[in-house]
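Residue numbers (my numbering): 82 to 302.
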């Protein structure tokens, strides 16, 4: 399965089995994390064997058998949330290609619990992503239409349609899908107005659009 294929296959899963992630897949996930950390200056980390990054209420009501998660953290800079969203999107889709399921935990994560697993404590944690083998494969979230979130000056090329299609499958806070995408020639702009998680959602959206459209076909403005 490719990353592009994973966009349509991946759905939120909140309940997991107790099946452990094999060592070879853990190594692949850690290698992917290392690539993102080096490229974007982040402190992402895979935690195996505990759920201390999940808030108590989430464990009780939703997160059944969550024993592994990604920590989304980095030095607190103006673009941190966007980078966390972008790289978090990469991790959930990469995990999907490996046969794993994920749940992007927004407001129900335990930042202090997650931070205990990091060597560098001088960072900000803004979310965790549960990862493992789901009890189900999840279901497709309610989607907006391309017309509701996008516009193009003139006749849109196929890559723009493909980018918007991928964007419509992006996970966002409270499933708001608060994106506005505009295209003109090979220039594309995207904004996201979803409150506290706007930066995270913007990064997620950019990643999805790039995968769908092909990063070489356009440039962000």
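Ideal Cβ placement from N, Cα and C applies to all residues, glycine included.
Which same chain residues end up closer than 6 Å to residue i when comparing Cβ atoms and leaving out the 5 residues on each side of it in sequence?
i: residue 219; result: 92, 93, 94
i: residue 147; result: 97, 132, 135, 211
i: residue 298; result: 240
i: residue 249; result: 224
i: residue 80; result: Because the chain spans 82 through 302 in this model, residue 80 falls outside it and cannot be assessed.
Which of the three DSSP states, helix, strand or coil, is assigned to residue i?
i: residue 293; result: helix
i: residue 265; result: strand
i: residue 126; result: strand
i: residue 276; result: helix
i: residue 120; result: helix
i: residue 131; result: coil
i: residue 83; result: coil
i: residue 107; result: helix
i: residue 88; result: helix
i: residue 102; result: coil
Might you give, ordered along the chain, the residues of its own chain that have their beta carbon closer than 8 Å to the beta carbon of residue i, omitting 5 neighbours on each side?
i: residue 233; result: 241, 263, 264, 265
i: residue 116; result: none
i: residue 194; result: 133, 134, 135
i: residue 130; result: 148, 149
i: residue 267; result: 298, 299, 300
With the cut-off set at 8 Å, would you say residue i and residue j are in Cβ contact?
i: residue 102; j: residue 151; result: no
i: residue 207; j: residue 136; result: no
i: residue 286; j: residue 164; result: no
i: residue 181; j: residue 88; result: no
i: residue 311; j: residue 290; result: Nothing can be reported for residue 311: it is not among the residues displayed for the chain, which extend from 82 to 302.
i: residue 281; j: residue 260; result: no
i: residue 204; j: residue 158; result: no
i: residue 168; j: residue 110; result: no
i: residue 114; j: residue 178; result: no
i: residue 244; j: residue 187; result: no
i: residue 107; j: residue 127; result: yes
i: residue 270; j: residue 302; result: yes
i: residue 154; j: residue 199; result: yes
i: residue 288; j: residue 171; result: yes
What are the residues that DSSP puts in a beta bridge with residue i?
i: residue 288; result: Per DSSP, none; premise fails for residue 288.
i: residue 215; result: 97
i: residue 182; result: 213
i: residue 204; result: According to DSSP, residue 204 bridges with nothing at all.
i: residue 300; result: 268
Tell me which same chain residues have a C-beta within less than 7 Å of the C-beta of residue i, skipping the five on either side of it?
i: residue 273; result: 259, 260, 279, 282, 283, 286
i: residue 214; result: 97, 98, 100, 181, 182
i: residue 166; result: 280, 281, 282, 283, 284, 285
i: residue 221; result: 92
### Task
Enumerate, from N- to C-terminal direction, the unbroken alpha helix (DSSP H) stretches of 4 or more residues contained entirely within the segment 137-176.
137-142
### Task
Write down every uninterrupted run of the alpha helix (DSSP H) in the segment 218-273 whose length is 4 residues or greater and which is fully enclosed by it, in chain order.
227-230, 239-249
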